[in-house]
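A.B. asks: Numbering-wise, the working numbering puts 716 at position 98 of the sequence shown, and it's gapless, one number per residue.
We put the beta carbon where it would ideally sit given N, CA and C, even for glycine.
Pasting in a structure now, in structure tokens, and then I'll have a few things to ask.
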Amino acid sequence: MGGVPSIPTDRSRTVQVIGAGYSRTGTVSMALALEKLLEGPVMHGGTQLFGREDAYVKLWCDIFANRDNRPVLMKLLREATAGFVAVTDAPANAFIPELLELYPEAKVVLVTRDPDRWFSSMQALIKDGVGESMLMLKVLLWPCPGWRWAPLWLNQLGS
619 MGGVPSIPTD RSRTVQVIGA GYSRTGTVSM ALALEKLLEG PVMHGGTQLF GREDAYVKLW
679 CDIFANRDNR PVLMKLLREA TAGFVAVTDA PANAFIPELL ELYPEAKVVL VTRDPDRWFS
739 SMQALIKDGV GESMLMLKVL LWPCPGWRWA PLWLNQLGS
């Protein structure tokens, strides 16, 4: 964690905590704390999507693409979260009901933030992180494993 993605080594471990907060509400701090408290890997969306291998990032794109196909969605969600002891941040926070169905014993933690300050923080992130042209972003990121899927999952997250 802390900029380096956690990768599960024991895929039999299950999600014990679901961080339901939006991005920019302390999801990294929550993930770091949960990693220590639960002594296991935590799936923090930003860290995973920007630091993992291409196939894992593509898996989350497939999850979004199958939102209307519940059996496939649930299978893919289980695959994406297998071995993690907790999840925080997007994209997992878009699937709270499904994660609760997969992991009924999990506790849900919701961290909130002042709405105006949160909105300002998100605006700055989007302006600085995504830039003016999604087409240019696609061209620049295509050679980068994992990152090449960012325009797709950002678009799916927004829909």
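(1) Hey, could you find the ends of the alpha helix (DSSP H) I681 is sitting in?
(2) Quick one: is A649 buried, meaning 16 or more other Cβ sit within 10 Å of its Cβ, or exposed?
(3) Would you call the CB atoms of T706 and G637 closer than 7 Å?
(4) In its own chain, which residues sit with a C-beta less than 6 Å from the C-beta of V690, not counting the 5 before and 5 after it?
(5) CB Q774 to CB F702, shorter than 7 Å?
(6) So for V690, helix, strand or coil by DSSP?
(7) Please confirm if the stretch 639–646 is in contact with the stretch 712–720, defined as three or more CB-CB distances below 8 Å between the two stretches.
C.D. replies: With the structure as the only source:
(1) Here residue 681 is taken as the residue at index 63 of the sequence shown, counted from 1. Run containing I681: D672 to A683, per the alpha helix (DSSP H) assignment.
(2) One-based indexing of the sequence shown puts residue 649 at position 31. The residue in question, A649, is buried, as its Cβ has 16 or more Cβ neighbours within 10 Å.
(3) Here the question's residue 706 lines up with position 88 in the sequence shown. Here the question's residue 637 lines up with position 19 in the sequence shown. Closer than 7 Å, so yes.
(4) One-based indexing of the sequence shown puts residue 690 at position 72. Once the five neighbours on either side are set aside, the close Cβ partners of V690 are N684.
(5) The residue given as residue 774 occupies position 156 in the sequence shown. The residue given as residue 702 occupies position 84 in the sequence shown. No, the pair does not count as a contact, with Cβ atoms beyond the cut-off.
(6) Here residue 690 is taken as the residue at index 72 of the sequence shown, counted from 1. Three-state DSSP puts V690 in a helix.
(7) no
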